[in-house]
Amino acid sequence: MTFASPIFLLLLPLLLIILLIHLFRQRSTILEVSSLFFWNRVMGPRKRIILQIIRNLILLLQLLAALFLIFSLARPLVENTSTGLQGRQVMIIDGSASMLATSGSESRFRNALELARAEIRKLSGSLSIILAGAEPQPLIAYTESKGDLRDALQNLDATQGPADMDAALKMARELGAEGITIISDGAFSATLPENARVLFVEGQSENVGITGFSVREGDNGLWQIYCEISNFSSITQIGTLTITLEGKPFRSFEYSLPSGARDSFSSYYEGLEGGRLVAEISSEDDFFIDNRAYELLQAGPSISILLVSPGNFFLESLLRVDSDVQLTWAEEYREGNWDMVILDRSRANTGSLPSLNIASPPEGFGILGQGAPGSIVSWDRNHPILDGTSLADLVTSQSYPIENADGIRHLISGTNGNLLSIYETPGKKFAYLAFPLESSSLVLDTNFPILMKNILTWLVPEAGRSSAYKAGERLPTEQGTLISPIGDQAWRNEPVYAEFTGFYRFLSKTGKRSFFPVSLNSRSESNLNFSIPAVEAEVAVTNAEQTRSPVWSWFLSAVILLLLAEWWLWGKE
Amino acid sequence: MVFDSEFLQKLEQLHYIARRLKRSLQRGEHRSIKKGTSQEFQDFRDYQVGDDMRYIDWNVYLRQNQLFVKLFAAEQELPVHLLIDTSASMAMFDKLDYAMKIAAALGFIALSRQDHIGIGAFRQNLVDSLPPGRRNRDQLFRYLSALQAGGETGLNDSLKAYTLLKRRPGLAVIISDFLDEGGYREGLLSLKYSGYEVLLIQVLHAEEISPIPGGNIQLVDTEDAGTMFLNLSRRILYAYHKEVDAYFKELEEFSMDYQMEYFRATTEIPFEDIILQYLREGQYLR
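Right, dumping it as structure tokens:
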């Protein structure tokens, strides 16, 4: 049993006062009588023993009543044993980077493991555990052995990237889970099934971090270095941003960010040699992962895009200034060596070529009709496409929401239907913007270039991208030896997820050496102050405190019963 | 111990009514159920050979031609035994002083009628006694004045001890508070079966009958220094009253069953009233 307001336990010495009052009452006046003849008849030895017992009982009841009253003020909490896991259960532990934030002396992940152990203690069925990282990792198959389950949690730690909770839930469903328990800080957005419940670990933490760090080759041949710092703490953060190249500082910026603000810094690099770039801020916050970001000064492959449009000034202008993009404009779709195609208000059969469709869905998909002017209702802020965007003020004058179909996932929902949807199967991948760009406020918004860059990166992850990777992304490590930032070395036959931030070194079997800079660069992971209602409202939510039921009312009821019993005994006395 | 002369004059007018005194070897001034030769006519019976010719009622013979003898109440002497409880409980509320005054008054009545009186003082056992005899007033008062209270009460042992003294039976007046855990039955019955006519005078103080509520108190017994802690609540006082009433009733029924006289006095009543009013009204004195 724990206490929510233990300060009231300081009242416990008041019990001594009751004891003293009782002792004072015992000090009776002496009365000499001629004989105890009648008194012995009234108060025989048996009655006297009973009376003494009653008196002691009254004292005991008074002490207990006072003790329970103090306990009820201290708001006791007991572990809820009634919610013990039964049947085939799956526990998903959030292993995202935000779980590495410290809440008090322990990280959220350590607290999550404690919570997991508490659930295991109450287990009355079989349990399987999944660690939700960039890809779900099953830790242990169904077992009723609490010892084995506890062992599975040994030496476990969170990743330094986001967690794919959808994939973890899908794995849980495939395991045939009768119930799913998610232990998380709330930094996920997923549609929870009916049989899922969430145990939240402590969520409030202070953080300022680097939420963007990239390098690209400018038109003038110079390297452009861009860095964004966001302040998610409750106070103004002042510090220094230092950028080093191969360990040597060559730029530093002073920043002063009010609570909730973000700022960006850019610089040029005129040197000839490339190398490893590290951006670091001087901050003593609760989350260390985003205090450093990593990049490489090296030329990357560009992305070849066919833009099929009757004419779109904003989109063309945006794509033409992007040095990573080789843009070809056409009124109609034609086959070519494109990495992807943008179909603006037009339809065409692009085969398996990734596409961004604007205001007209791809071949084979219909629309739900034309939507009236509307605004944004909700959006999946944790999806990479919407990372770093804030679309709350987006308004559209018309829209053409896509019909629901298998594989379609809606990322932005408006008052008149879904505004941004994505589709991904092995043979087809597209993103669909349901509104003409020029009929929305998006093109005049600073979120426009971010959103478009995110869409292009999502559609063609390998091409045209910055050399930097985000934690949780797949690294193109086919057939070679990969050495992680923490020194782990392993042979890889396929792309692997980047679990740590820093520089990965890769030695291909042909002997080619390459670096993969991995940074968090995620506003959603850096923002540690999640609001619990972000999770689907209709899902039964249990937070960490709710697993410990408040029992102050029990104690208060006991106080009333004790006082009634004491009153009754008082009458008997 | 001094009585005023008016009170003494009143006492001289009184004498005991010994209703059930069965025998007496000496003539005295008390009427007895035994037919005797006093001047007070009581009944007739048929003449039998040997009867005193002086008691034949010749008027009846003339009217009915049959011989009847007139019977007169026997005038007999009545020894009075004053047995006084001198245990420590009698010292409370001046009960012993009250008891001594009653004893002195009753003794004075007996002396004024030329009766023999015996006196016994008892506590746990009989502590002192004077055999029955004709005494003067000063002897009586001096003896009573010298009595001191102390020790525990032992009614049974004391009264049995008195009967073992083989004194000539008469009227035994026992003055006590009768607050004895050991009871009284055996002692009183031994007196009864030894031929005594028994008069019980229970002396109590009003506070012993109706204690005053006083919260938490520690009661201390004057006789054995026993203690008791209790909260003198109304509930307990109610139980106390019930016990007191039950005890009084028990004592009354006992005395009634064994043809003893029982009288209860509280020290608030002037002892003169006890003698001149209550005992006369109860027909213990005439």
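Those protein sequence lines, which keep their order, are chains A and B. With the first sequence counted from 1, adding 191 to any position gets you my numbering. With the second sequence counted from 1, adding 11 to any position gets you my numbering. Using N, Cα and C, we set each Cβ at its ideal position, and we do this for glycine too.
Round the Cβ separation of residue i and residue j to the nearest angstrom and send it over; I've been treating them as touching at under 8 Å.
i      : j      : result
B:T198 : B:K171 : In the sequence under discussion, the amino acid at residue 198 of chain B is Gly, which differs from the Thr named in the question. That belief holds up - the Cβ atoms of B:G198 and B:K171 are roughly 6 Å apart, short of 8 Å.
A:V750 : A:S196 : With a Cβ gap of about 16 Å, A:V750 and A:S196 do not count as contacting.
B:I113 : B:I285 : 6 Å
A:I472 : A:I401 : 6 Å
A:P384 : A:A358 : Not a contact, Cβ separation roughly 14 Å.
A:P627 : A:I549 : 7 Å
A:Q415 : A:S457 : 6 Å
Which of the three DSSP states, helix, strand or coil, is assigned to residue i?
i      : result
B:R134 : coil
A:H601 : strand
A:P640 : helix
A:T648 : helix
A:S588 : coil
A:T431 : strand
B:A114 : helix
A:A387 : strand
B:Q270 : coil
A:V512 : coil
B:K81  : strand
B:E162 : Reading off the sequence, residue 162 of chain B comes out as Gly, not Glu. Coil at B:G162, not helix or strand.
A:P553 : coil
A:V233 : helix
B:A99  : helix
B:G47  : Reliability of the predicted coordinates at B:G47 is poor, the pLDDT of 48 falling under 50, and the value obtained from them is presented with this limitation in mind. If DSSP states are grouped into helix, strand and coil, B:G47 belongs with the strands.
A:K700 : coil
A:T580 : coil
A:I677 : coil
A:K661 : strand
A:P708 : strand
A:W520 : strand
Applying a beta-carbon distance threshold of less than 7 Å, which residues of chain A neighbour residue i?
i      : result
B:A250 : V233
B:I247 : V233
B:S100 : S225 and S226
B:E219 : S225
Given this structure, state the Cα-to-Cα distance separating residue i from residue j, to the nearest angstrom.
i      : j      : result
B:L22  : B:R65  : 37 Å
A:R704 : A:G671 : 10 Å
A:E629 : A:S455 : 27 Å
B:S43  : B:L82  : Because B:S43 sits at a pLDDT of 46, beneath the cut-off of 50, its placement in the model cannot be relied upon, and the following sentence gives the value as read from the coordinates. Roughly 12 Å between the two C-alpha positions.
A:D513 : A:G565 : 31 Å
A:W570 : A:R453 : 21 Å
A:L260 : A:S443 : 60 Å
A:L603 : A:K337 : Just to set this straight, residue 603 of chain A is Ile in the shown sequence, not Leu. Between A:I603 and A:K337, the C-alpha separation is close to 42 Å.
A:A583 : A:L488 : 35 Å
A:P552 : A:I558 : 7 Å
A:F391 : A:I320 : 17 Å
A:A323 : A:F199 : 40 Å
A:G747 : A:L248 : The residue you asked about is not Gly; residue 747 of chain A is Leu in the sequence shown. Cα to Cα, the separation comes out at about 19 Å.
A:K620 : A:P267 : 54 Å
B:I186 : B:S244 : 32 Å
B:A183 : B:F274 : 13 Å
B:Q92  : B:G237 : Position check: residue 92 of chain B holds His in this sequence, whereas Gln was assumed. In a straight line, the C-alpha of B:H92 is about 33 Å away from that of B:G237.
A:W529 : A:R600 : 25 Å
A:L769 : A:E523 : Lying before the first or after the last residue shown, residue 769 of chain A is absent from chain A, which here runs from 192 to 764.
A:P708 : A:E507 : 30 Å
Run down chain B in chain order and give the residues with a C-beta less than 8 Å from the C-beta of residue i.
i      : result
A:V742 : Chain B residues near A:V742: none, gap ~36 Å exceeds 8 Å.
A:W758 : Per Cβ cutoff of 8 Å: no residues; A:W758 is ~14 Å from chain B at best.
A:W230 : L230, M239, L241 and Y251
Output, in chain order, the set of chain B residues within a Cβ distance shorter than 7 Å of residue i.
i      : result
A:R227 : A small fix is needed here, since residue 227 of chain A is Leu in this sequence, not Arg. Result: L230, D232, G237 and M239.
Please list, in chain order, the chain A residues whose beta carbon lies closer than 8 Å to that of residue i.
i      : result
B:D188 : S225 and S226
B:E254 : F229, R232 and V233
B:M103 : E223, V224 and S225
Taking residue i as the query, report the chain A residues whose CB atoms sit under 9 Å from its CB, ordered along the chain.
i      : result
B:E192 : S226, L227, F228 and N231
Contact criterion: CB-CB distance below 8 Å. Does residue i meet it with respect to chain C?
i      : result
A:G557 : Absent from the structure is chain C; the protein chains it does hold are A and B.
Query raised in the report: How about the stretch 298-308 of chain A and the stretch 250-263 of chain A: do they share at least three Cβ pairs that are nearer than 8 Å?
Result: no
Query raised in the report: Would you call the stretch 685-693 of chain A and the stretch 432-441 of chain A in contact, with 3 or more CB pairs under 8 Å?
Result: no
**Report entry** the stretch 517-534 of chain A in contact with the stretch 575-595 of chain A per 3-pair CB rule at 8 Å
**Finding:** no
Query raised in the report: Is the stretch 111-126 of chain B in contact with the stretch 143-152 of chain B, if contact means three or more CB pairs nearer than 8 Å?
Result: yes
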